[in-house]
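J.: Sequential numbering from 4 applies to the sequence shown in the numbering used here. Here's a structure for you.
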Amino acid sequence: ASLASKTKYITQLERELEARNQTVLNGPTGESPRGESIKKLKAQLAGKDAAIDDLREEIRRLKIFMGATTSRPLSRPSPTDSKGTPSPRKSAGGLGSSGKFQAHPLLAGRPEFPYYSMNRDDPVDIRVEEFYNSTSSAVPLKRINRKFYAFGSAQVEIDVVNGKLLVRSEDGWNNGKYGAVEKFLVHYEPIEREKAGLPPPAY
């Protein structure tokens, strides 16, 4: 419930308690049936007093939390740094998941040869498209089969593990284990450019 609705509920309870308090003060006491009713009413009032105290404490905590939230400044990344380098973009493909590669120039921009998913029912292929098309790679990427791709002359296996896009190369890169796709791209981009007779990256 919202802070406003809790406050309104407390006001209603307080009005009800005030009306019933008047009944208790003006009513009979003792062992008569009417007196027993008054005892039950007093017990109910005590329970509602406790409920109001609980609600007030919850509202106090909500106000403290809301005050801390509204006072916290929102940091927005600048589109360019002082040297004019585009800030790294994040995508569902896992861009930026490897800390030291987040600011690498290769991990921003548009590729020379955009990749388009060959199978829209393949979640890995869709993630590959999203990641690769958010880079400035000049090495073409082609799908060989499900989870298998050719990055230039390098054949790799790509998969999604724990929500991250990971890659494993047939030539033993990263000791034959899955590694961050950003790390792979930064390592293999200059190698594959040289093999294809392309100019090296400008970074």
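Ideal placement from N, C-alpha and C gives every residue a C-beta, glycine not left out.
Going by DSSP, what residues sit across from GLU168 in a beta bridge?
T.: Along the sequence shown, one-based indexing puts residue 168 at 165. Looking at the sequence shown, residue 168 is not Glu but Leu. According to DSSP, LEU168 bridges with VAL163.
J.: Determine the extent of the alpha helix (DSSP H) in which ARG130 is found, giving its start and end residues.
T.: Taking the first residue of the sequence shown as 1, we reach residue 130 at position 127. Unbroken alpha helix (DSSP H) run through ARG130: 126-135.
J.: From ASN136 to GLY179, what distance separates their C-alpha atoms?
T.: Here the question's residue 136 lines up with position 133 in the sequence shown. Here the question's residue 179 lines up with position 176 in the sequence shown. Near 26 Å, if we compare the C-alpha coordinates of GLY179 and ASN136.
J.: Expressed to the nearest angstrom, what Euclidean distance is found between the alpha-carbon atoms of ASP124 and LEU58?
T.: By 1-based counting over the sequence shown, the position of residue 124 is 121. By 1-based counting over the sequence shown, the position of residue 58 is 55. When rounded, the distance between both Cα atoms is 50 Å.
J.: Thinking just about the alpha-carbon of each residue, which of SER172, SER139, PHE116 is nearest to the one in LYS145?
T.: In the sequence shown, the residue the question calls residue 145 occupies position 142. Of SER172, SER139, PHE116, the residue nearest in Cα terms is PHE116.
J.: Are the beta-carbon atoms of SER140 and PRO114 separated by less than 8 Å?
T.: Here residue 140 refers to the residue found at position 137 of the sequence shown. Here residue 114 refers to the residue found at position 111 of the sequence shown. Yes, they are a contact pair.
J.: Expressed to the nearest angstrom, what Euclidean distance is found between the alpha-carbon atoms of THR138 and VAL184?
T.: As a position in the sequence shown, residue 138 is number 135, starting the count at 1. As a position in the sequence shown, residue 184 is number 181, starting the count at 1. Taking the straight line from one Cα to the other gives about 11 Å.
J.: Any idea which residues DSSP pairs GLN158 with across the strands?
T.: Here residue 158 refers to the residue found at position 155 when the sequence shown is read from its first residue. Paired residues: ALA153.
J.: Whole angstroms are fine: how far does the CA of VAL142 sit from the CA of GLY155?
T.: To locate residue 155, count along the sequence shown from 1; it is residue 152. To locate residue 142, count along the sequence shown from 1; it is residue 139. Using only the alpha carbons, I get a separation of about 6 Å.
J.: I need the DSSP call for ALA199, collapsed to helix, strand or coil.
T.: Taking the first residue of the sequence shown as position 1, residue 199 is located at position 196. It is coil, neither helix nor strand.
J.: So which of PRO204, LYS167, GLY175 has the shortest CA-CA distance to GLU192?
T.: Translated into positions along the sequence shown, residue 192 becomes position 189. Nearest C-alpha to GLU192: PRO204.
J.: Within the same chain, show all residues whose beta-carbon is closer than 6 Å to that of LEU201, passing over the 5 residues directly before and after it, in chain order.
T.: For the purposes of this step, residue 201 is identified with residue 198 of the sequence shown, where counting begins at 1. The residues are ALA141.
J.: Going by other Cβ atoms of all chains shown within 10 Å of its Cβ, with 16 needed for buried, is ARG130 buried or exposed?
T.: Translated into the one-based positions of the sequence shown, residue 130 becomes position 127. ARG130 should be labelled buried.
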